[in-house]
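**Q** With positions in the sequence shown counted from 1, the corresponding number in the numbering used here is that position plus 5.
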Amino acid sequence: MLKAIYPGSFDPVTLGHEDIIRRSSRLVDELIVGVLNNKAKSPLFSVEERVKMLEEVTKDLANVRIIPFGGLLVDFARRMDAGMIIRGLRAITDFEYELQMSQMNHKMEAGVETVFLTTSLEYSYLSSSTVKEVAAFGGDISQFVPDVVADRITEKMNKKESVD
Ligand code: PNS
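1) Please state whether DSSP places A67 in a helix, a strand or coil.
2) Please look up how many angstroms separate the CB atoms of D16 and L49, rounded, as I've assumed it's under 8 Å.
3) Need the endpoints of the alpha helix (DSSP H) that R92 sits in, please.
4) Quick one: using the 10 Å Cβ neighbour count with 16 as the cut-off for buried, is A9 buried or exposed?
5) Taking contact to mean 3 or more Cβ pairs, one atom from each stretch, closer than 8 Å, check whether the stretch 89-96 and the stretch 61-68 are in contact.
6) Taking the beta strand (DSSP E) that V79 belongs to, which residues open and close that run?
7) Which partner residues does E53 have in the DSSP bridge list?
Here is the structure:
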């Protein structure tokens, strides 16, 4: 049984992430989307919120599970008994960091291989941080994120505005 982990911060999940999830779910028997729970990063969405949004986005995919994790990715992979890490590559600028991370992970855990999927062309410019920036300035983000996420970001930004 081929089990893979697609890890990330997903703060929030974009259409680019969704595309990688859908394509990689067809390549493996089970895909675990690992949601990083890193309190030091002070994300816009709590890990519970990010997990919930991902669950909604992937509810039609029977072989996909969403699981939060903290600590090292290779330890999480070991716990999940997964032999593969999947990462998306948007552009050459992603490559250096991704190469370093995959080599580091392989050095720590030789039983886990990183496999890269190139992002579909229509999403190659997309990132969670640019989506958040556009939303913070009141821009329309509906073409960048799944519908459930667009609604949540708008709610979150409105709440932030009333507090600030
Ligand atoms: O969506 P992101 O922020 O690009 O995802 C980065 C992620 C979660 C894959 C990476 O930060 C990670 O694996 N963090 C867990 C800690 C870890 O294992 N660090 C060592 C990597 S060399």
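The beta-carbon is built from N, C-alpha and C at its ideal position, and this holds for glycine as well.
**A** Put simply:
1) coil
2) 6 Å
3) Premise fails: R92 lies in the beta strand (DSSP E), M89 to L94, not in any alpha helix (DSSP H).
4) buried
5) no
6) Per DSSP, V79 belongs to no beta strand (DSSP E); it is in the alpha helix (DSSP H), L78 to M85.
7) Partner(s): none; E53 has no beta bridge.
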